[in-house]
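For reference, the structure discussed in these notes is given below.
Number of protein chains: 2
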Amino acid sequence: MENNNRRQFIKTVGMGAAAIGAGLASSAVPAMAKDEKTYNWKMVTTWPPHSPMLGEGADKLAEWIEQMSGGRIKIQVYGAGELVPPLGVFDAVSQGTVEMGHGASYYWAGKSPAAQFFAAVPFGFNAQSLNAWLYAGGGMELWEEAYAKFNLKPFIAGNTGTQMGGWFNKEINSMADFNGLKMRIPGLGGKVLAKAGGNSVLVAGGEIYTNLERGVIDATEWVGPFHDMMLGLHKAAKYYYYPGWHELGTGLEAMVNLNVWNTLPADLKAIVEAATYKSNMWMLSGFEAKNNAALRELIDKHKIQLKQFPEPVLKGLKKLSTEVLEEIAASDPMSRKVYDSFLAFQKNIYEWNKISEEPYQKLKYL
Amino acid sequence: MENNNRRQFIKTVGMGAAAIGAGLASSAVPAMAKDEKTYNWKMVTTWPPHSPMLGEGADKLAEWIEQMSGGRIKIQVYGAGELVPPLGVFDAVSQGTVEMGHGASYYWAGKSPAAQFFAAVPFGFNAQSLNAWLYAGGGMELWEEAYAKFNLKPFIAGNTGTQMGGWFNKEINSMADFNGLKMRIPGLGGKVLAKAGGNSVLVAGGEIYTNLERGVIDATEWVGPFHDMMLGLHKAAKYYYYPGWHELGTGLEAMVNLNVWNTLPADLKAIVEAATYKSNMWMLSGFEAKNNAALRELIDKHKIQLKQFPEPVLKGLKKLSTEVLEEIAASDPMSRKVYDSFLAFQKNIYEWNKISEEPYQKLKYL
Numbered sequence: 001m002e003n004n005n006r007r008q009f010i011k012t013v014g015m016g017a018a019a020i021g022a023g024l025a026s027s028a029v030p031a032m033a034k035d036e037k038t039y040n041w042k043m044v045t046t047w048p049p050h051s052p053m054l055g056e057g058a059d060k061l062a063e064w065i066e067q068m069s070g071g072r073i074k075i076q077v078y079g080a081g082e083l084v085p086p087l088g089v090f091d092a093v094s095q096g097t098v099e100m101g102h103g104a105s106y107y108w109a110g111k112s113p114a115a116q117f118f119a120a121v122p123f124g125f126n127a128q129s130l131n132a133w134l135y136a137g138g139g140m141e142l143w144e145e146a147y148a149k150f151n152l153k154p155f156i157a158g159n160t161g162t163q164m165g166g167w168f169n170k171e172i173n174s175m176a177d178f179n180g181l182k183m184r185i186p187g188l189g190g191k192v193l194a195k196a197g198g199n200s201v202l203v204a205g206g207e208i209y210t211n212l213e214r215g216v217i218d219a220t221e222w223v224g225p226f227h228d229m230m231l232g233l234h235k236a237a238k239y240y241y242y243p244g245w246h247e248l249g250t251g252l253e254a255m256v257n258l259n260v261w262n263t264l265p266a267d268l269k270a271i272v273e274a275a276t277y278k279s280n281m282w283m284l285s286g287f288e289a290k291n292n293a294a295l296r297e298l299i300d301k302h303k304i305q306l307k308q309f310p311e312p313v314l315k316g317l318k319k320l321s322t323e324v325l326e327e328i329a330a331s332d333p334m335s336r337k338v339y340d341s342f343l344a345f346q347k348n349i350y351e352w353n354k355i356s357e358e359p360y361q362k363l364k365y366l
Numbered sequence: 367m368e369n370n371n372r373r374q375f376i377k378t379v380g381m382g383a384a385a386i387g388a389g390l391a392s393s394a395v396p397a398m399a400k401d402e403k404t405y406n407w408k409m410v411t412t413w414p415p416h417s418p419m420l421g422e423g424a425d426k427l428a429e430w431i432e433q434m435s436g437g438r439i440k441i442q443v444y445g446a447g448e449l450v451p452p453l454g455v456f457d458a459v460s461q462g463t464v465e466m467g468h469g470a471s472y473y474w475a476g477k478s479p480a481a482q483f484f485a486a487v488p489f490g491f492n493a494q495s496l497n498a499w500l501y502a503g504g505g506m507e508l509w510e511e512a513y514a515k516f517n518l519k520p521f522i523a524g525n526t527g528t529q530m531g532g533w534f535n536k537e538i539n540s541m542a543d544f545n546g547l548k549m550r551i552p553g554l555g556g557k558v559l560a561k562a563g564g565n566s567v568l569v570a571g572g573e574i575y576t577n578l579e580r581g582v583i584d585a586t587e588w589v590g591p592f593h594d595m596m597l598g599l600h601k602a603a604k605y606y607y608y609p610g611w612h613e614l615g616t617g618l619e620a621m622v623n624l625n626v627w628n629t630l631p632a633d634l635k636a637i638v639e640a641a642t643y644k645s646n647m648w649m650l651s652g653f654e655a656k657n658n659a660a661l662r663e664l665i666d667k668h669k670i671q672l673k674q675f676p677e678p679v680l681k682g683l684k685k686l687s688t689e690v691l692e693e694i695a696a697s698d699p700m701s702r703k704v705y706d707s708f709l710a711f712q713k714n715i716y717e718w719n720k721i722s723e724e725p726y727q728k729l730k731y732l
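Protein chains in written order, with this note's numbering: chain W, 1 to 366; chain A, 367 to 732.
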């Protein structure tokens, strides 16, 4: 077969090109059965450009996709506000202004209430259980269904691990201590605080420290020790509470415009998807490895007081959380469907956790 | 630039090809800056061919690599014994008889004692902490160092999650109950049992049920509810113990012959690596999602008795485990180095777990 005909032949049989070479040892058989297009994408994000772990996660995701595709997909990453405002990411990708986005799905509650269930749910999943639900428990399929009508293909692309409960200047001894409390706690956690009589105040990341220091807000949550220390929150509050009942393993998302996705050849689809798996694992592992050193520094050097929410407070918050979630489910059929799947998987994983991860956590005290 | 020259030019600048197209919108810019070889690999595994989760994980890993590479790497997967015996995998890949292998690193204790630390250590890491140590705590670099002298490039490519403690026909109420006990428990767990006065018996997977049923062995461990039920172990023993102190989150490995690895172009290296991340996450999520349904069936339908090892027994086993691990570290400098890194990371993650994953596990009871 002469060269041109051979190439045409391989193009025609598509993935069969590999099979042609299968009888040979590693050798110089050309693998031409490829879409030869180069895709130049923009990825807009909800994170400050190159910010540790989060913006960095978006950067690395783009880098890995470019690397794996041998440069066939090249992605320019934009930090929040560089191309679109942070909360404009969803629309920009949905409308095809850009090809890709990176953020957290709870930012899109106003567009799709069901989206919140894929990021963080008060008294919901930790990272391992969220991944199990999404990858092996039907969660991902529901996320795809919820996003399809916005012309979006979603991926889970990171996880912060279990977050902290937040920074306070007074102790939280009972549910009554939330009464009148002005706290920066967005999303579902904020709705729960409001039910408890507090005020959920919207404050952008860069202004939290100043607002807390000046008493504009009484309390705030952010992420965990590694990120919170960088923001200097320990200089404006003395009590650092755990656990982060409202974000027990927050999943981050990547999304691709569905028209763009549908035109990708199979190998590039597989590459983008695998890169999100890597990103998910990379980020969670990084958070897990970094948080304790920051926590030690906060305690030993900055003398913050680490405190656990008392059990009656957690009970109270859980009761209100269930009310918030049921209200969302009652107001939106897709949310109902997602929440039902969530609850069924939670029952399942709780039973298994009782004899697996829960006894594991006790072994350290032997 | 005419066509041949252009191709040559792009070959010369390598990855720069993407930059050439960067100013254009998605378009038909040829992405030629690629190694055009097709690689035909063999992957030998320690698992029965296509066995659920484990063999299946090897199959999927091969499939994803082929898919992402557009057929440039094609991998033929061989189950245990199809090409080499299960315990011949390490040597076959090391010597370059085949390009790739899939198994668990504790099988290679006889070749490299340090290898055991990357699979499962009694009273060691769960899956999340193992991943954090490997991906973000220096573990992977040590694994690479340990395997380099065998001409191998290792990857973590799966995890079983927390396993069970095993099947017994008598209750384990004190350390004395291990005295004289003939149990199928390989590896480090087996060494601990021997220190407790028991006999660690080697039995291949396919013969465990018969040996237990006939009393050739008194007890056995295998994996977890999903796998154990398939083996029918509930028909030969009545007590099912937890936690699996000896395998709290067993990591599975993939490995590539280092000469083969070093000849791979950068894009294919990135593809193989990302596929192992995906495989790691896929397998853990699958185990997490499947175990509880099997556990329920074992309890509700097959009436097995679920039992927890008493705390004094776990204390006793932990003490003996530390002795076993210290002996290995004392006998081999690489093991010392790996064990020191392991211990430092464990101290770190235990502190963080106390205020993150541990309180998370208690929330289910609120």
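Positions of the beta carbon are idealized from the N, C-alpha and C atoms, including for glycine.
Predicted, not measured: the structure shown is a model, and the values here were computed from it.
Suppose you measure from the CA of residue i to the CA of residue j; what does that come to, to the nearest Å?
i        : j        : result
Glu351/W : Asn658/A : 7 Å
Glu587/A : Lys515/A : 33 Å
Asp425/A : Leu142/W : 26 Å
Asn625/A : Gly467/A : 14 Å
Gln727/A : Asn719/A : 10 Å
Leu650/A : Asn179/W : 42 Å
Asn646/A : Glu273/W : 14 Å
Val324/W : Ala176/W : 19 Å
Trp407/A : Val443/A : 9 Å
Ala329/W : Lys269/W : 32 Å
Asn623/A : Ala660/A : 37 Å
Glu537/A : Leu314/W : 37 Å
Leu61/W  : Met53/W  : 11 Å
Met621/A : Val464/A : 11 Å
Gly88/W  : Glu145/W : 21 Å
Leu134/W : Tyr242/W : 26 Å
Hey, could you find the ends of the beta strand (DSSP E) residue i is sitting in?
i        : result
Tyr513/A : First-last for Tyr513/A: Gly505 to Ala514, but that is the alpha helix (DSSP H), not the beta strand (DSSP E).
Phe168/W : Gly166 to Phe168
Can the beta-carbon of residue i be found closer than 8 Å to that of residue j?
i        : j        : result
Asp267/W : Met409/A : no
Thr79/W  : Gly55/W  : Inspection of the sequence shows that residue 79/W is occupied by Gly rather than by Thr. Yes. Within cutoff.
Gly610/A : Phe484/A : no
Ser494/A : Gln95/W  : Checking the displayed sequence, the identity of residue 494/A turns out to be Gln instead of Ser. Not closer than 8 Å, so no.
Met183/W : Gly206/W : no
Phe125/W : Gln346/W : yes
Gln529/A : Gly590/A : yes
Gly137/W : Ala641/A : no
Ala562/A : Ala585/A : no
Is it right to say residue i is buried, meaning 16 or more other beta carbons lie within 10 angstroms of its own, or is it exposed?
i        : result
Met230/W : exposed
Ser782/A : Since the first and last residues shown for chain A are 367 and 732, residue 782/A lies out of range.
Thr576/A : exposed
Tyr731/A : exposed
Ala523/A : buried
Asp666/A : exposed
Arg72/W  : buried
Pro699/A : exposed
His50/W  : exposed
Asp594/A : buried
Val450/A : buried
Asp706/A : exposed
Asn370/A : Unreliable placement is indicated for Asn370/A, whose pLDDT of 37 sits below 50; the coordinate value is still reported in the next sentence. Answer is exposed; the Cβ neighbour count stays below 16.
Ile678/A : A quick correction: the sequence has Pro, not Ile, at residue 678/A. Its Cβ having fewer than 16 others within 10 Å, Pro678/A is exposed.
Leu729/A : buried
Just to confirm the assignment, what range does the alpha helix (DSSP H) spanning residue i have?
i        : result
Val346/A : Because chain A here runs from 367 to 732, residue 346/A falls outside it and cannot be looked at.
Gly197/W : Taken as a continuous stretch (DSSP letters only), Gly197/W belongs to no alpha helix (DSSP H), as it is neither H nor E.
Leu518/A : No alpha helix (DSSP H) contains Leu518/A, which is instead part of the beta strand (DSSP E) from Leu518 to Asn525.
His416/A : Counting along the chain, His416/A falls outside any alpha helix (DSSP H), and DSSP gives it neither H nor E.
Met100/W : Careful: Met100/W lies outside any alpha helix (DSSP H), inside the beta strand (DSSP E) at Met100 to Gly103.
Ala620/A : Here Ala620/A belongs to no alpha helix (DSSP H); instead the beta strand (DSSP E) covers Gly617 to Asn623.
Tyr78/W  : Tyr78/W -> not in any alpha helix (DSSP H); beta strand (DSSP E) instead, spanning Ile73 to Tyr78.
Please identify, using Cβ separations under 7 Å, the residues of the region 327-359 of chain W that lie next to chain A, in order along the chain. Asn348, Ile349, Tyr350, Glu351, Trp352, Asn353, Ile355, Ser356, Glu357, Glu358 and Pro359
Residues of the region 124-139 of chain W with Cβ closer than 8 Å to any Cβ of chain A, in chain order: Asn126, Ala127, Gln128, Ser129, Asn131, Ala132, Trp133, Leu134, Tyr135, Ala136 and Gly137
With 7 Å as the limit, tell me which residues of the region 616-644 of chain A have their beta carbon closer than that to any beta carbon of chain W; keep them in chain order. Ala632, Asp633, Ala636, Ile637, Ala640, Ala641, Tyr643 and Lys644
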